[in-house]
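According to this note's numbering, the stretch in the sequence shown is residues 287 to 704, in order.
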Amino acid sequence: MVDLPTEFLERLQGELGAEFAAFFESYDRPAEKAVRANTLKITPEEFEKLAPVPLDGEVAWEHSGYYAKGESLGKTIFHAAGLYYVQEPSAMCAVPELEVKSGERVLDLCAAPGGKATQIAQYMQGQGVLVANEIDFKRYGILKSNIERFGVKNAAVTCQSPENLAAFYKNYFDKILVDAPCSGEGMFKKEDAAVREWSLKAVQACAARQAKILESANAMLAGGGRLVYSTCTFAPDEDERQIENFLKLHPEYTLIKMKKLMPHRVRGEGHFCAVLDKTAGERAEDFRLKVKESDKKEFAEFAKNVISVELKNIVKLGDGVYSLIDNFPAELKAGVKLGELKNGRFEPSHALAMSLNGGEVNGVEVSEETALKYLRGLTFDCNEESGWKAVLFKGYPLGWCKVVNGVAKNHLPKGLRI
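Put into structure tokens, the structure is as follows:
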């Protein structure tokens, strides 16, 4: 049983009334676990057949979500291949409410560690632009890694304050998710730190910060756009009252719905989300991307023997080479980093390998034993001809190796090795 704060229990008892006993008893049960199949790489039906962890039913509010069992859900070969994301089931409820359409401009304003950003990317299916932002630099690195692991081809990952973003993207986005930093009441069962750090003062501090973040989101949302606000807390000051106060300041918004998932009512630890449509306002014009034909040279030389698909908008930025999306400034790097130029030669990036399907790249298929060896950063024997190869497990890329004299030298980034 979680040792819950007294003031928290007193507040919930007043709010829930007769339901409080069931809510309190829910903390005797283990936290629910879930995974979300990456539909950029695999269909839910295929994932059900290949799933490396025991599945325990579908998550009602997300078609690619499954309850799962086990203690090492994030330590499998298929997780390294980006075929699924480990995510608390309640947290999957907000993104479907965005109703993302092909070609739209979408912002995940508080995106780390990347659960909702990768979920948004699945709905976008490579069309439009996704900006995934995180203000904390350490968490930004985790976000970037998860975007790469999922093979997202149309994202710009940024590390900015909401205020700085608002100055650049005025009236730009069609859809914005604000998964706001909160007091974390829905995390009490999973994180001891959430219990230790909770207080009524912390709730008020979070509410004040959330209000400021919402103002920045409003400045960036185009007229006719949709804003989804979510938290993993039950505090009305951070949830319902936050939205009520926002609507008083912004009559151009219409509240479509609010929903609160509670751990005694659903299979999940709890989440809140509100859906708001902006009925008035302008929509900014597209940015413009400039591409030079000469930027393709080194990558084209590498790709002719390795990659069987044509990548668009090849742009050099410093020593980096990128495949960027249309209608977006090159310096914001919305797309896939293909690799780097080192001493005049092109060296492919991990992000490139993860963005390709097995049939699109020259690769070497490995056994489970060799895949685990590769993920530990080791070399392995390989009878393929010399050169760059993707390492494939059941057809899914894990990263790059370079074959030299019958030995595959490991090029998996050190930070990703197990």
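Cβ coordinates follow ideal geometry from the N, Cα and C atoms, glycine included.
Along the chain, where does the beta strand (DSSP E) that runs through residue i open and close?
i, result
"Val715", "This structure does not reach residue 715, given that the chain is present from 287 up to 704, and the question cannot be answered."
"Tyr370", "370–372"
"Thr519", "Counting along the chain, Thr519 falls outside any beta strand (DSSP E), and DSSP gives it neither H nor E."
"Gly343", "341–344"
"Gly673", "673–679"
Cβ of residue i within 8 Å of Cβ of residue j?
i, j, result
"Pro291", "Trp484", "yes"
"Phe306", "Leu393", "no"
"Gln528", "Ala488", "no"
"Gln446", "Ile421", "yes"
"Phe436", "Ala398", "no"
"Pro375", "Ala323", "no"
"Arg631", "Leu661", "no"
"Leu326", "Val417", "no"
"Met506", "Leu451", "yes"
"Lys461", "Val443", "no"
"Arg553", "Glu318", "yes"
"Gln709", "Ala466", "Outside the displayed span of the chain (287 to 704) sits residue 709, for which this structure offers no information."
"Asn629", "Thr665", "no"
"Val481", "Leu395", "no"
"Gly414", "Glu390", "yes"
"Phe309", "His557", "no"
"Lys598", "Ser580", "no"
"Pro340", "Thr362", "no"
"Ala508", "Gly470", "no"
"Lys564", "Leu513", "yes"
"Leu541", "Leu535", "no"
"Val652", "Ser672", "no"
"Leu642", "Ala676", "yes"
"Phe364", "Tyr370", "yes"
"Ser502", "Pro448", "yes"
Round the Cβ separation of residue i and residue j to the nearest angstrom and send it over; I've been treating them as touching at under 8 Å.
i, j, result
"Val650", "Ala694", "7 Å"
"Leu624", "Val607", "5 Å"
"Cys559", "Ala380", "4 Å"
"Pro683", "Ala637", "Contact doesn't hold; Cβ gap of about 11 Å is too wide."
"Gly685", "Asn669", "The Cβ separation is near 19 Å, so there is no contact."
"Arg569", "Gly510", "7 Å"
"Asn440", "Ala589", "20 Å between Cβ atoms; not a contact."
"Ala403", "Ile428", "That belief does not hold up - the Cβ atoms of Ala403 and Ile428 are roughly 11 Å apart, past 8 Å."
"Leu486", "Glu301", "About 14 Å; that fails the 8 Å criterion."
"Leu603", "Ala616", "6 Å"
"Phe520", "Leu384", "Not confirmed; about 22 Å, so no contact."
"Lys476", "Glu555", "7 Å"
"Glu344", "Pro382", "Not quite, the Cβ-Cβ distance comes to about 13 Å (not below 8 Å), so this is no contact."
"Gly356", "Gln373", "That belief does not hold up - the Cβ atoms of Gly356 and Gln373 are roughly 14 Å apart, past 8 Å."
"Glu524", "Met544", "No, Glu524 and Met544 are not in contact; Cβ-Cβ is about 13 Å, not under 8 Å."
"Phe474", "Val288", "5 Å"
Can you tell me where the alpha helix (DSSP H) holding residue i begins and where it ends?
i, result
"Thr565", "Run containing Thr565: none; DSSP gives neither H nor E here."
"Ala729", "Any answer about residue 729 is impossible in this case: the structure gives the chain only from 287 up to 704."
"Gly401", "401–410"
"Arg297", "292–302"
"Leu395", "From DSSP, Leu395 is part of no alpha helix (DSSP H); its letter is neither H nor E."
"Glu651", "Element bounds for Glu651: not the alpha helix (DSSP H) but the beta strand (DSSP E), 649–651."
"Thr656", "654–661"
"Asn531", "526–535"
"Lys335", "330–336"
"Ala366", "363–366"
"Ala307", "306–311"
Which residues share a DSSP beta bridge with residue i?
i, result
"Tyr353", "Ala320"
"Phe632", "Leu627"
"Ala694", "Phe666, Val689"
"Val622", "Ser609"
"Val415", "Arg391"
"Arg512", "Lys461, Asp563"
"Leu507", "Phe459"
Could you check whether the Cβ of residue i sits closer than 8 Å to any Cβ belonging to chain D?
i, result
"Glu318", "Among the protein chains of the structure shown there is no chain D, as only one such chain exists."
task: Entirely within the stretch 417–495 and at least 3 residues each: give me those beta strand (DSSP E) ranges in chain order.
output: Counting only runs of 3 or more, we get 441–444, 459–465.
Considering only residues of the stretch 537–620, which uninterrupted alpha helix (DSSP H) runs meet the minimum length of 4 residues and lie entirely inside it, listed in chain order?
583–589
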